[in-house]
Amino acid sequence: MSKEPVAVVGIGQTKHVAARRDVSIAGLVREAAQRALDDAESTWADIDAVVIGKAPDFFEGVMMPELYLADALGAVGKPMLRVHTAGSVGGSTALVAANLVAARVHGTVLTLAFEKQSESNAMWGLSLPIPFQQPLLAGAGGFFAPHVRAYMRRSGAPDTIGSLVAYKDRRNALKNPYAHLHEHDITLEKVQASPMLWDPIRYSETCPSSDGACAMILTDRAGAARSPRPPAWMLGGAMRSEPTLFAGKDAVSPQAGKDCAADVYRQAGISDPRRDIDAVEMYVPFSWYEPMWLENLGFAAEGEGWKLTESGVTELDGDLPVNMSGGVLSTNPIGASGMIRFAEAALQVRGQAGEHQVDGARRVLGHAYGGGSQFFSMWLVGARPPES
Amino acid sequence: MTRDIAVVAFAQTDVLRTSDELSEVEMLMPVLHEVLDRTGLKTADLDFTCSGSSDYLAGRAFSFTLALDGVGAWPPISESHVETDGAWALYEAWTKLLTGEADTALVYSYGKSSPGSLRDVLTRQLDPYYVAPLWPDSVALAALQAQALIDAGDTDEPALAAIAARSRSDATSNPHAQLRGSLPQGEYVVRPLRIGDCPPIGDGAAAVILAAEDRARELCARPAWIRGIDHRIEAHSLGVRDLTDSPSTRLAAEKAGAFERPVDTAELHAPFTAQEVVLRKALELGDDVRINPSGGALAANPMMAAGLVRIGEAAARVHRGESDRALAHATSGPCLQQNLVAVLEGDPR
Numbered sequence: 001m002s003k004e005p006v007a008v009v010g011i012g013q014t015k016h017v018a019a020r021r022d023v024s025i026a027g028l029v030r031e032a033a034q035r036a037l038d039d040a041e042s043t044w045a046d047i048d049a050v051v052i053g054k055a056p057d058f059f060e061g062v063m064m065p066e067l068y069l070a071d072a073l074g075a076v077g078k079p080m081l082r083v084h085t086a087g088s089v090g091g092s093t094a095l096v097a098a099n100l101v102a103a104r105v106h107g108t109v110l111t112l113a114f115e116k117q118s119e120s121n122a123m124w125g126l127s128l129p130i131p132f133q134q135p136l137l138a139g140a141g142g143f144f145a146p147h148v149r150a151y152m153r154r155s156g157a158p159d160t161i162g163s164l165v166a167y168k169d170r171r172n173a174l175k176n177p178y179a180h181l182h183e184h185d186i187t188l189e190k191v192q193a194s195p196m197l198w199d200p201i202r203y204s205e206t207c208p209s210s211d212g213a214c215a216m217i218l219t220d221r222a223g224a225a226r227s228p229r230p231p232a233w234m235l236g237g238a239m240r241s242e243p244t245l246f247a248g249k250d251a252v253s254p255q256a257g258k259d260c261a262a263d264v265y266r267q268a269g270i271s272d273p274r275r276d277i278d279a280v281e282m283y284v285p286f287s288w289y290e291p292m293w294l295e296n297l298g299f300a301a302e303g304e305g306w307k308l309t310e311s312g313v314t315e316l317d318g319d320l321p322v323n324m325s326g327g328v329l330s331t332n333p334i335g336a337s338g339m340i341r342f343a344e345a346a347l348q349v350r351g352q353a354g355e356h357q358v359d360g361a362r363r364v365l366g367h368a369y370g371g372g373s374q375f376f377s378m379w380l381v382g383a384r385p386p387e388s
Numbered sequence: 001m002t003r004d005i006a007v008v009a010f011a012q013t014d015v016l017r018t019s020d021e022l023s024e025v026e027m028l029m030p031v032l033h034e035v036l037d038r039t040g041l042k043t044a045d046l047d048f049t050c051s052g053s054s055d056y057l058a059g060r061a062f063s064f065t066l067a068l069d070g071v072g073a074w075p076p077i078s079e080s081h082v083e084t085d086g087a088w089a090l091y092e093a094w095t096k097l098l099t100g101e102a103d104t105a106l107v108y109s110y111g112k113s114s115p116g117s118l119r120d121v122l123t124r125q126l127d128p129y130y131v132a133p134l135w136p137d138s139v140a141l142a143a144l145q146a147q148a149l150i151d152a153g154d155t156d157e158p159a160l161a162a163i164a165a166r167s168r169s170d171a172t173s174n175p176h177a178q179l180r181g182s183l184p185q186g187e188y189v190v191r192p193l194r195i196g197d198c199p200p201i202g203d204g205a206a207a208v209i210l211a212a213e214d215r216a217r218e219l220c221a222r223p224a225w226i227r228g229i230d231h232r233i234e235a236h237s238l239g240v241r242d243l244t245d246s247p248s249t250r251l252a253a254e255k256a257g258a259f260e261r262p263v264d265t266a267e268l269h270a271p272f273t274a275q276e277v278v279l280r281k282a283l284e285l286g287d288d289v290r291i292n293p294s295g296g297a298l299a300a301n302p303m304m305a306a307g308l309v310r311i312g313e314a315a316a317r318v319h320r321g322e323s324d325r326a327l328a329h330a331t332s333g334p335c336l337q338q339n340l341v342a343v344l345e346g347d348p349r
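Chains as they are written, first to last, in UniProt numbering: chain A, 1 to 388; chain B, 1 to 349.
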């Protein structure tokens, strides 16, 4: 039995901002979903099922909000499934939706992820009370800063690498009309002079807190044949998880990330990711995660990832562009962030990324991670359907 | 369907009013060991793992990440999580097996209602702008549904009391149940629902193993084949729903093939007595169908696990040869808003 090929034929997102006070949660998700339907030139009636994802329910203060969102997402009378896998959820949600098509359970599925972080304070929402976590960890930055420091020590990377990533991503965001941060006066000096938040992570090297939603229409071969615009084809997709803390865990380059990438590359027939993949949209909430993930995903040897960043390889016009959209560093509605990465990969191979389009992008990787560097979800999409 | 997939093992905890001395991981661990022991599998043998739970019960974000530590996710595993009842985690695992990417899957779910006031907590599930600010609690909403049924002539209080009595009486043979034997209907909680019409509030966990094709036959003498499974959701606003009916249950049952041939057993996730009336009508279950031999959710209703328990109980009866074709149902949301139906069959004897 072979799987049904899965195509992305519609993509929609909101203009991500700090606070969407003009819309309800339902209004926010419907805006993204409607844009995805418009892109696919489809209607609500064409959708067989809805798969929705978001990060912790405490961010909006609504328990299992998919129940309340059933009407807004046209799901009444249809299956609606809610995924929650921490920060990787946007990616995982897309993969669960893709499986419904691949298994031939449904022909066309709407998948959507969102976060309306202005409803609460995400940093403190992520700071677990004692005794679940040691005091003074204060948000995700406090958790990840020691891992960044460990990477710097291990690789011998110069202190400036993180600021180069932030400067690049914030400039890429200027080309993306949906990105949250549009810092027209950004300079490298400003990044390097910004306040230190969690040593070695400076203010300009961290993600913002955003309100936003992202939606995709996934469909089978027949659906793709009706698509008015070029589809993106899923060539491989995988999830991997490992425990939060355990003796022997490599917090800098987690095994789950390596295994997940290896699974995707196997499915897609990728033997050398650096050669075979044209661009990467990866989950970089703190600048230093670009070189760390470049190594974890096999684009550079261990300890060498920062050299790609330093030499400009990951710039928009570089040999391996990374985070063409401006990335998580420019836009972070947490639950949606993984799906935005997956959607950006699809936009690129469809040739519809506008000003931040990479010329000739044929195979692009979308990557998300979450929890304590323990949940990974990735997909590789291509301009041509899978061969088998 | 192109691939035969079965429930090959099921385990559950005893459901208790409080489990203060146990963390969620500690509550879950024995169940995971038990379900693995039933099949002789180890964590590393499983191709996929999927769980269901709710942060709002635990009172902390990402509560499921600690449970994952209990699974022993090392080396790293292919894993996912749904923020709802474990029956939907089973659905996700079923689709994963259908793609052929996995031959075996572990599904687990758990819920501890004891740390908070469940009636208050569940109000946070409601429309956050128009309904949740009024804090209508789960019993009050179920009472609206019960009254609508009585007004429609579909049931009356003695009939509801009989459902309560039958459930707790059946639960006497279920060592995991929280309420067993003959219990008085008691005072009204919210008219027309009395204490006996409401589910007990309890903590518990459950786990199931799924396997495909020959792998299922290796792991289980009489696998409970999933002949069909589907779930549907209704509008959220109670004002636009007919609470005396469950069109989402009927549609899910139709898609799952439940009406193609009669079932001999049905495990219904009806936390309130009146909801069993709604479900029986939607599922066209006659008097010859054995309803909730486990005692159902009126005997034990661990949040986020009770739906998975229905599938597990139905499967276990197929495993034991007590059923040849069983229906299992799970629900989520206020007044049966979202419903899942699975049809399980044993090989002919």
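Idealized CB from N, CA, C, for every residue including glycine.
Cα-Cα separation between residue i and residue j, rounded to whole angstroms
i: Leu219/B; j: Thr2/B; result: 20 Å
i: Ile201/B; j: Asp20/B; result: 14 Å
i: Ser114/B; j: Thr18/B; result: 5 Å
i: Met63/A; j: Ser237/B; result: 16 Å
i: Thr13/B; j: Pro254/A; result: 33 Å
i: Leu69/A; j: Ala32/A; result: 13 Å
i: Leu179/B; j: Ile229/B; result: 29 Å
i: Leu235/A; j: Val8/B; result: 32 Å
i: Tyr130/B; j: Ser24/A; result: 11 Å
i: Val284/A; j: Val208/B; result: 36 Å
i: Met123/A; j: Asp22/A; result: 23 Å
i: Trp198/A; j: Thr160/A; result: 16 Å
i: Thr331/A; j: Ser118/A; result: 13 Å
i: Gln337/B; j: Leu380/A; result: 36 Å
i: Ile186/A; j: Val165/A; result: 13 Å
i: Ala215/A; j: Gly53/A; result: 10 Å
Cβ neighbour criterion (16 or more within 10 Å) applied to residue i
i: Lys15/A; result: exposed
i: Asn172/A; result: buried
i: Leu110/A; result: buried
i: Ala45/A; result: exposed
i: Arg20/A; result: buried
i: Trp135/B; result: exposed
i: Lys42/B; result: exposed
i: Ser2/A; result: exposed
i: Asn225/A; result: Before going on, a small fix: residue 225/A reads as Ala here, not Asn. The residue in question, Ala225/A, is exposed, as its Cβ has fewer than 16 Cβ neighbours within 10 Å.
i: Asp38/A; result: exposed
i: Glu313/B; result: buried
i: Ser248/B; result: buried
i: Thr172/B; result: exposed
i: Glu187/B; result: exposed
Three-state secondary structure assigned by DSSP to residue i
i: Trp74/B; result: coil
i: Trp259/A; result: Note on identity: in this sequence residue 259/A is Asp, with Trp being the wrong assignment. Three-state DSSP puts Asp259/A in a helix.
i: Ser237/B; result: coil
i: Asp227/B; result: According to the sequence provided, residue 227/B is Arg. The question's Asp does not apply to it. Strand.
i: Phe375/A; result: strand
i: residue 351/B; result: Beyond the ends of chain B as shown, which are 1 and 349, falls residue 351/B; an answer cannot be given.
i: Lys116/A; result: strand
i: Leu183/B; result: coil
i: Met304/B; result: coil
i: Tyr110/B; result: strand
i: Ala361/A; result: coil
i: Gly95/B; result: Per the sequence shown, the amino acid found at residue 95/B is Thr instead of Gly. Three-state DSSP puts Thr95/B in a helix.
i: Leu285/B; result: coil
Residues bridged to residue i [DSSP beta-bridge criterion]
i: Glu313/B; result: DSSP output for Glu313/B lists no bridge partner at all.
i: Leu380/A; result: Gly236/A, Leu365/A
| Near-chain B residues of the stretch 240–261 of chain A (beta-carbon distance less than 9 Å), N- to C-terminal order | Arg240, Ser241, Glu242, Pro243, Thr244, Leu245, Phe246, Gly248, Lys249, Pro254, Gln255, Ala256, Gly257, Lys258, Asp259, Cys260
| Given a limit of 8 Å on CB to CB distance, which residues of the stretch 53–65 of chain B reach chain A? | Ser54, Asp55, Tyr56, Arg60, Ala61, Phe62, Phe64, Thr65
| field | Against chain B: residues of the stretch 73–88 of chain A by CB proximity under 7 Å | value | Ala75, Val76, Gly77, Lys78, Pro79, Met80, Leu81, Arg82, Val83, His84, Thr85, Ala86
| query | Taking any Cβ of chain B, which residues in the stretch 320–342 of chain A have a Cβ under 7 Å from it, in chain order? | reply | none
| Where the stretch 8–31 of chain A meets chain B: residues whose CB sits under 8 Å from a CB there | Ser24, Ile25
| field | Interfacial residues, the stretch 215–231 of chain B to chain A, with Cβ spacing under 8 Å | value | Asp230, His231
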